[in-house]
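Colleague: So the mapping is simple: the working numbering equals the position in the sequence shown, first residue as 1, plus 187.
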Amino acid sequence: MAVQLIESPEGPRVHIPLNLKRTSGRKRIISQEESDSRALGNNHCIAYRNAMLIAIARGFRWRKLLDECRYMSIRQMADDLGVAAPYMSRLIRLTFLAPDIIEAIVDGREPDGMSIERLRRPMPMLWEKQRAMISPVR
């Protein structure tokens, strides 16, 4: 699965190919690799990876709403959507991760010990520093 960095007149965009799957009446975000893994019967770590994918997807969705000026602030959006503003801010920060780090997470190549809690911590804006902080990505 290839995460793509797309340059556009509105600014850079990150495209993450994901699928929606309905299970137990709920929609879930899954990667193609996860779909293949399920077909092979490898269900370990799926919930853990799914939490990271959901967090990244939510961050991109909320950032898009801000970029489109549908909301004037994170506080306004959080109040309207019934989400805690600090939580929303942490997930929006995930959208500033280097594309190769996001791709590694989506593809299941994140380093051992990687967790959503670790991703929510403050991260440098420079991609090289992010890579050094998170490496080695396997």
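Glycine residues also receive a C-beta, built at the ideal position from the N, C-alpha and C atoms.
Classify arginine 257: buried if its beta carbon has 16 or more other beta carbons within 10 angstroms, exposed otherwise.
Modeller: Exposed, since its Cβ has fewer than 16 Cβ neighbours within 10 Å.
Colleague: Does DSSP put leucine 227 in a helix, in a strand, or in coil?
Modeller: Residue placement at leucine 227 is flagged as unreliable, the pLDDT there being 43, under the threshold of 50; the coordinate-derived value follows with that caveat. In the structure shown, leucine 227 sits in a helix (DSSP, three-state: H, G or I).
Colleague: At the level of alpha carbons, what is the spacing between leucine 313 and alanine 238?
Modeller: Rounded to the nearest angstrom, the two C-alpha atoms are 25 Å apart.
Colleague: Within 10 angstroms of its Cβ, does arginine 250 collect 16 or more other Cβ (buried), or is it exposed?
Modeller: By the neighbour-count rule (16 or more Cβ atoms within 10 Å), arginine 250 is buried.
Colleague: Arginine 173 lies in the beta strand (DSSP E); which residues open and close that run?
Modeller: Since the first residue shown for the chain is 188 and the last is 325, residue 173 is missing from the structure and cannot be characterised.
Colleague: Between the Cα of glutamate 304 and the Cα atoms of Arg296, Pro286, Ala285 and Leu281, which residue gives the shortest distance?
Modeller: With distances taken between Cα atoms, glutamate 304 lies closest to Leu281.
Colleague: Assuming arginine 307 and arginine 277 are in contact, meaning their beta carbons sit under 8 Å apart, how far apart are those beta carbons, in whole angstroms?
Modeller: Yes, arginine 307 and arginine 277 are in contact; Cβ-Cβ is about 4 Å, under 8 Å.
Colleague: Looking at the unbroken beta strand (DSSP E) that takes in leucine 192, where does it start and where does it end?
Modeller: It spans 191-193 - the beta strand (DSSP E) in which leucine 192 sits, taken as one unbroken run.
Colleague: Going along the chain, which residues of its own chain have a beta-carbon closer than 7 Å to the beta-carbon of isoleucine 289, five neighbours each way excluded?
Modeller: Val190, Val201, Ile203 and Ile243, listed in sequence order.
Colleague: Hey, could you find the ends of the alpha helix (DSSP H) glutamate 290 is sitting in?
Modeller: Glutamate 290 -> alpha helix (DSSP H) spans 286-294.
Colleague: Can you tell me the Cβ-Cβ gap for alanine 265 and methionine 275, rounded? I've got them flagged as a contact below 8 Å.
Modeller: 5 Å between Cβ atoms; contact.
Colleague: Does the distance from the CB of proline 311 to the CB of methionine 320 come in under 8 Å?
Modeller: Their beta carbons are under 8 Å apart, which means proline 311 touches methionine 320 by this criterion.
Colleague: Out of Gly246, Glu255 and Pro199, state which residue places its alpha-carbon closest to the alpha-carbon of valine 270.
Modeller: The candidate whose alpha carbon is nearest that of valine 270 is Gly246.
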